[in-house]
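Peer 1:
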Amino acid sequence: MDRQIFDKIIDYINKNKNLNKQNLFELIENTLKKQNDFNLSMDTFTSIYGNLKRRQMFKSSDSSAINWKRLKDNSINLSLKYNEKCSSDSETFPKNIILEMANDTGIAPILMARLILDGFIKQDALELVDQESIKNKDKISISFLIKETHLLKNGRLGYEIMECCFEDEDYGPSIDLVKNLIGLEYECKLERLLIQNGISFVKESELREKGFDKTPDFKLDLPICLSNGSVISWIDSKATFGDELSHSEYYENQFKFYLNRFGSGLVIYWFGYLKDIEKFNFNSNFISICDSFPSDFTLLDLTSLI
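My numbering numbers the first residue of the sequence shown as -15 and each following residue consecutively.
#1: If you follow the beta strand (DSSP E) that Tyr234 is part of, which residue opens it and which one closes it?
#2: Taking all protein chains shown into account, decide if His134 is buried (16 or more other Cβ within 10 angstroms of its Cβ) or exposed.
#3: Relative to the C-alpha of Asp(-14), which candidate in Asp227, Lys131 and Lys(-1) has its C-alpha closest?
#4: I'd like to know whether the C-beta atoms of Leu16 and Ile(-7) end up nearer to each other than 9 Å.
#5: Report the three-state DSSP secondary structure of Lys263 (helix, strand or coil).
#6: Measuring alpha carbon to alpha carbon, tell me which residue in Lys106, Gln107 and Tyr66 is nearest Ile145.
#7: What first and last residue would you give for the alpha helix (DSSP H) that runs through Val215?
#8: Would you please state the rounded distance, in angstroms, between the beta carbons of Cys148 and Ile94? I believe it to be under 8 Å.
#9: Is Tyr155 helix, strand or coil when you go by DSSP?
#10: Tell me which residues share the same chain as Leu8 and place their Cβ nearer than 6 Å to its Cβ, disregarding the 5 neighbours each side in the sequence.
#11: Just reading off the alpha helix (DSSP H) that Ile271 is part of, what are its end residues?
#12: Can you list, in chain order, the residues of its chain whose CB lies under 7 Å from that of Ile32, leaving out five sequence neighbours each side?
#13: Between which two residues does the beta strand (DSSP E) harbouring Ile91 extend?
#14: Following the continuous beta strand (DSSP E) through Lys137, name the residue where it begins and the one where it ends.
#15: I'd like the list of long-range same chain contacts for Glu132, defined as Cβ closer than 6 Å, with 5 residues on each side in sequence excluded.
#16: Cα-Cα, which of Phe239, Cys209, Gly156 and Thr28 is closest to Pro278?
#17: Could you have a look at Gly249 and say whether DSSP puts it in helix, strand or coil?
#18: Roughly how many whole angstroms lie between the Cα atoms of Ser221 and Ile179?
#19: Excluding sequence positions up to five away, which residues of its chain have a Cβ less than 7 Å from the Cβ of Pro207?
#20: Please state the DSSP three-state secondary structure of Leu204.
#21: Identify every residue that forms a DSSP beta bridge with Leu178.
#22: Mind checking whether Leu204 and Ser184 have CB atoms under 9 Å apart?
#23: Given this structure, state the Cα-to-Cα distance separating Asp57 from Asn20, to the nearest angstrom.
#24: Look at the alpha carbon of Ile60 and the alpha carbon of Tyr143, and state the distance between them as a whole number of angstroms.
#25: Would you list the residues sitting across from Thr282 in a DSSP beta bridge?
Now the structure itself:
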């Protein structure tokens, strides 16, 4: 993807915050098709959108991130405020207080739910749950309670958190599950393509059993050579869009370890990547990038070197 197209997508997302994700996608898709003759897929848009929202929420350079840190340090007061709002809500069909507080502060519903739970836990974790229904008291954590809302003594709190899980388009257990399933789907796709092309490999799970802690999805038994001359010893599948920030984070947390242990490799960003990402590609001579399985490669025969 050209930088110009990418910047236009980011600009439209930032300027149309009142639109839901589907309507925003349709607006950007139609605009890019008319003005730039570019076909934007929903998968690519969703990935770019999600990356942007997460960065705006947590990066220190963004005002939303400062708001998040301040709220996190003030979680007890947020839980008290939640109780106060519930007590004063006399409507027959009460509104969702957590959603209301999330909208007022400009953060995602599930993140507000996590803050409120954090405040309650800091006050008295055991008073928060039905102790007869939970066997291991040490398991009481925010992530655990987000998933097991039925264990909360406060039925309204549990229901509102569950509702936040359905309302939140960017965070929460259901979103995490979808992302994990999509990642697994593309790993399986890559595995099928390797088998179909007669490329022998060792899977990540097998490498972990051998004691490696940071491993690519597939370590090739014999390297392959791409049409541009790059030698590939491993391949990593990324069901996301690759921009300079995500790529540099992956490099620091994953790719540089793969390079040190297994040599040069290939990263597949299935939902596309920025064309100028090579500028931010550390060790670009040793990490190749593409958005599909390479169609032109040669299996290296190392026996000829013996």
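Heads up, the beta-carbon is just placed ideally off N, CA and C, and yes, glycines get one too.
Peer 2: Taking the coordinates as given:
#1: Under the DSSP assignment, Tyr234 falls outside any beta strand (DSSP E), being part of the alpha helix (DSSP H) whose first and last residues are Glu228 to Tyr234.
#2: Exposed.
#3: Taking Asp(-14) as reference, the option from Asp227, Lys131 and Lys(-1) with the minimal CA-CA separation is Asp227.
#4: Yes, they are a contact pair.
#5: It is helical.
#6: For Ile145, the closest C-alpha among the options Lys106, Gln107 and Tyr66 is that of Tyr66.
#7: Annotation for Val215: no alpha helix (DSSP H) segment contains it, though the beta strand (DSSP E) segment containing it runs Val215 to Lys222.
#8: Contact flag correct, Cβ pair sits at about 5 Å.
#9: The answer is coil: DSSP assigns Tyr155 none of H, G, I, E or B.
#10: Its chain contains Asn0 as the residues whose beta carbon lies nearer than 6 Å to that of Leu8, once the 5 sequence neighbours on both sides are disregarded; these appear in chain order.
#11: Taken as a continuous stretch (DSSP letters only), Ile271 belongs to no alpha helix (DSSP H), being part of the beta strand (DSSP E) at Ile271 to Cys274.
#12: Cβ neighbours of Ile32 beyond the five flanking positions: Ile(-7) and Phe225.
#13: If you look at Ile91, you'll find it isn't in any beta strand (DSSP E); DSSP assigns it neither H nor E.
#14: Unbroken run through Lys137: none, as it is neither H nor E.
#15: For Glu132, where only same-chain residues beyond five positions count, there are no Cβ hits under 6 Å.
#16: For Pro278, the nearest C-alpha among the options comes from Cys209.
#17: The answer is strand: DSSP assigns Gly249 an E or B state.
#18: C-alpha separation (whole angstroms): 15 Å.
#19: Here the set comprises Val215, Ile216, Ser217 and Leu284.
#20: Residue state, collapsed to three classes: strand.
#21: Per DSSP, Leu178 has no beta bridge partner at all.
#22: In this structure, Ser184 lies closer than 9 Å to Leu204 by Cβ.
#23: Straight-line spacing of the CA atoms in Asp57 and Asn20 works out to 45 Å.
#24: C-alpha of Ile60 to C-alpha of Tyr143: approximately 20 Å in a straight line.
#25: DSSP lists Cys209 as partners of Thr282.
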